[in-house]
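In our numbering, the protein residues as written are 712 to 899. Ideal Cβ positions, reconstructed from N, Cα and C, are used throughout, including at glycine. Read through the structure below, which is laid out as structure tokens, and then see the notes.
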């Protein structure tokens, strides 16, 4: 049974500054963002675009506020690039998160995504994966899941509007085609 002592709440910096629309919250500093997170009682946070990139620089800022990194967005490109492109970027991302003590890696398939574009995510522009693309995505995530596990971390998949993993049916397909010991669903 899940007990409250085992649940820690984290928050994304999007409430202070928006990675997709930098003008929204552009005046808010990184220090203000994490200070207010800590004051609000959060135990962890995601990494935003204003955060220092070097874990050795970032960690002391978090430590004095008793915050931990719980995740950082990762874009996989299995449907638009060779697997190796995503794997190389993932390993660097994983190692950075691992250096910060994170246990979770959240990924979203962004190959052919219309996220952030002025297109209808419920219309004909929304990506719909072919069988070959589903195979590339699910095999890719199984492999990344093992790379995460190699560092004691968990790979979670962030279904997202404007992607090929948006609808309940698409989420079910993803979960049915991936290894449940290596690939998990991110609750967002």
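Taking the C-alpha atoms as reference points, what is the distance between residue i and residue j?
| i | j | result |
| --- | --- | --- |
| residue 859 | residue 866 | 6 Å |
| residue 862 | residue 809 | 7 Å |
| residue 757 | residue 732 | 17 Å |
| residue 847 | residue 881 | 14 Å |
| residue 739 | residue 775 | 19 Å |
| residue 870 | residue 836 | 17 Å |
| residue 841 | residue 741 | 41 Å |
| residue 838 | residue 734 | 28 Å |
| residue 828 | residue 783 | 22 Å |
| residue 879 | residue 791 | 23 Å |
| residue 759 | residue 785 | 12 Å |
| residue 725 | residue 888 | 31 Å |
| residue 832 | residue 854 | 28 Å |
| residue 883 | residue 830 | 24 Å |
| residue 730 | residue 714 | 33 Å |
| residue 799 | residue 793 | 11 Å |
| residue 771 | residue 825 | 37 Å |
Residues in its own chain within less than 8 Å of residue i by CB, not counting five upstream and five downstream?
| i | result |
| --- | --- |
| residue 743 | 727 |
| residue 720 | 752, 753, 754 and 755 |
| residue 737 | 728 |
| residue 813 | 779, 780, 781, 782, 783 and 864 |
DSSP beta-bridge partners for residue i?
| i | result |
| --- | --- |
| residue 756 | 722 and 780 |
| residue 785 | 818 |
| residue 855 | Residue 855 is not bridged to any residue. |
| residue 775 | Residue 775 pairs with nothing; no bridge assigned. |
| residue 896 | 868 |
I'd like the list of long-range same chain contacts for residue i, defined as Cβ closer than 7 Å, with 5 residues on each side in sequence excluded.
| i | result |
| --- | --- |
| residue 788 | 796, 797, 821 and 822 |
| residue 769 | 762, 763 and 811 |
| residue 897 | 817, 867, 868 and 869 |
| residue 748 | 722, 756 and 778 |
| residue 843 | none |
| residue 906 | What the structure shows of the chain is the stretch from 712 to 899, and residue 906 is not part of that stretch, so it cannot be assessed. |
| residue 746 | 776 |
| residue 849 | 885, 888 and 889 |
Can you give me the Cβ contacts of residue i inside the same chain, cut-off strictly under 6 Å, excluding the 5 residues immediately before and after it?
| i | result |
| --- | --- |
| residue 885 | 876 |
| residue 852 | 889 and 894 |
Considering only heavy atoms of the ligand HEM, does any lie closer than 6 Å to the CB of residue i?
| i | result |
| --- | --- |
| residue 858 | Within the structure as shown, the ligand HEM is missing, as the structure has no ligands at all. |
- [ ] Within the stretch 798-847, note down every full beta strand (DSSP E) run reaching 3 residues or more, in order along the chain.
- [x] 815-820
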